[in-house]
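By the count of full-length UniProt numbering, the first sequence reaches residue 265 at its end, each step adding exactly one. Backbone N, C-alpha and C fix where the C-beta goes; we use that ideal spot for every residue, glycine too. Below you'll find the structure, written out as C-alpha cells, and then a few comments.
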Amino acid sequence: MKIATWNINGVKARIDNLLHWLRESDPDIVCLQEIKSVDEAFPRLEIEALGYHVETHGQKGFNGVAILSKLRFDEVNRRLPGDDSDEQARFIEGVFSTSRGALRVVSLYLPNGNPVGTEKFPYKIAWMKRFEQWAQDRLALEEPLILGGDYNVIPMPSDVRYPDNWLDDALFQPESRASFRRLSNMGFIDAYREVDDASGAYSFWDYQAGAWQKNNGIRIDFLMMSPEASDRLRSADIEKHVRGWEKPSDHVPVVAHLDLLPVVF
DNA sequence: ATGGTCGAGAGTCGA
1 MKIATWNING
11 VKARIDNLLH
21 WLRESDPDIV
31 CLQEIKSVDE
41 AFPRLEIEAL
51 GYHVETHGQK
61 GFNGVAILSK
71 LRFDEVNRRL
81 PGDDSDEQAR
91 FIEGVFSTSR
101 GALRVVSLYL
111 PNGNPVGTEK
121 FPYKIAWMKR
131 FEQWAQDRLA
141 LEEPLILGGD
151 YNVIPMPSDV
161 RYPDNWLDDA
171 LFQPESRASF
181 RRLSNMGFID
191 AYREVDDASG
201 AYSFWDYQAG
211 AWQKNNGIRI
221 DFLMMSPEAS
231 DRLRSADIEK
241 HVRGWEKPSD
251 HVPVVAHLDL
261 LPVVF
C-alpha cells in the first residue's frame, strides 16, 4: 500500500497538477493540505473518476484538508478535539480496513505561527499541545496510525538549508521543535528519516527569491507512523521532481510504501 | 534595506 501527504496550496489552482500526479504516482491514500476551498467547491468528480473516495474538511479562502483513498472509508472524523471554539479546518481522520485490520490516517495542517510575537504563535503552540494529547490517546489503541501533514515545524538544523535564516521564524522556535520531539518520543516515527538520514532533503521551497533554483528549502511535511504502522514500513520518498513542474505547489509529495493490503469490498 | 511570489477572491490576508 502506498500512502502520501502533500500540501497542494489550493486544490482548484492545482487540479491539473494533482490529477497528473495521481496518475503518475498511483497512491492508495493521499493526505492533502491547504485545499483553500469550501467542501462544495472541491473538484471531487475528476478525482473520483480516477477511482478515489474523497472526504474533505474545508473552509473559505484558506486552510482546509482532505483525504483521497482507493479504500472505502469506514469512518471519518473532522476537527481536532480539545477546543470547540477553534473554527480553522486543519484536521481530518479516516479509518480503513486492511489485511492487518484497521488503519487510521490523519491529514493535518499545523498552524504556521508567524509572526512570532503575535497571537498566531501561541495559537500554534496550543494546537500542537492539543495534537500531542490526541495522538497520545490514539497511540493507546495500538493500531497502525499514520499522521500525514504539513507540520510547519523544522525539527532539526539538518532539515533546513540555511538554519540561521530561520532563527526568528515560528517553524524553528524551540517550543515548536520541542512539541515535535515529544511526538517522536511518544513513539511516532518520521517515515522518511527512518529510511534515509534525511540531511539536506527538503519538502518545501518558497516561491520567492529563487528558493527552488537555489535549493533553499526546508523539510516540514511528514508521514509520522505509530509503531504498528512503522513495523510495516517498506520505503519512503520525497517526490522532489514535482516542484519543477509548471505551476507547482511550493510543497512536494512525501510518500511511503507499507506492507499492508487494502481490503476491497 | 526592501521586496521578491503565489492562491483566494474581491480587499487584503495568509503563507
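Looking at the backbone, the Cα of D86 and that of L110 are separated by about 13 angstroms.
Runs of the alpha helix (DSSP H) lying entirely within the stretch 101–149, each at least 4 residues long, are 120–139 in chain order. Taking the C-beta atoms as reference points, R232 is found nearer than 7 angstroms to L260. DSSP places F204 within a strand segment (E or B) once states are collapsed to three.
By the C-beta density criterion, E55 is buried, having at least 16 other C-beta atoms within 10 angstroms. With distances taken between CA atoms, I47 lies nearest to K70 out of H57, E34, K70, K36. One alpha carbon belongs to S226, the other to V11, and they sit about 28 angstroms apart. In the structure shown, F222 falls within a strand segment according to DSSP collapsed to helix, strand and coil. With three or more CB-CB distances shorter than 8 angstroms, the stretch 67–82 counts as touching the stretch 25–45. The stretch 92–107 and the stretch 152–170 do not touch, with fewer than three beta-carbon pairs separated by less than 8 angstroms. When beta bridges are read from the DSSP output, H20 appears opposite no residue. Per DSSP, reduced to three states, the secondary structure at D164 is helical. With fewer than 16 other beta carbons inside 10 angstroms of its own, R72 counts as exposed. For A66, the enclosing beta strand (DSSP E) has its first and last residue at 65–69.
In this structure, the alpha-carbon of V252 lies about 21 angstroms from that of R44. Judged by beta-carbon spacing, E93 lies beyond the 7 angstroms limit of N112, meaning their Cβ atoms are not closer than that value. If you draw a straight line from the Cα of G149 to the Cα of E228, it is about 19 angstroms long. Counted as a single uninterrupted DSSP element, the alpha helix (DSSP H) harbouring F180 occupies residues 174–185. Looking from the CA of K36, the closest CA among E75, N215, H57 belongs to H57.
Counting only residues of its own chain and dropping the five nearest sequence neighbours on each side, G61 has a CB closer than 8 angstroms to the CB of K36. Non-local beta-carbon contacts of I8 in its own chain, meaning distances under 8 angstroms to residues more than five positions away in sequence, involve R14, N17, L18, L32, Q33, E34, I35, S249, H251 in chain order.
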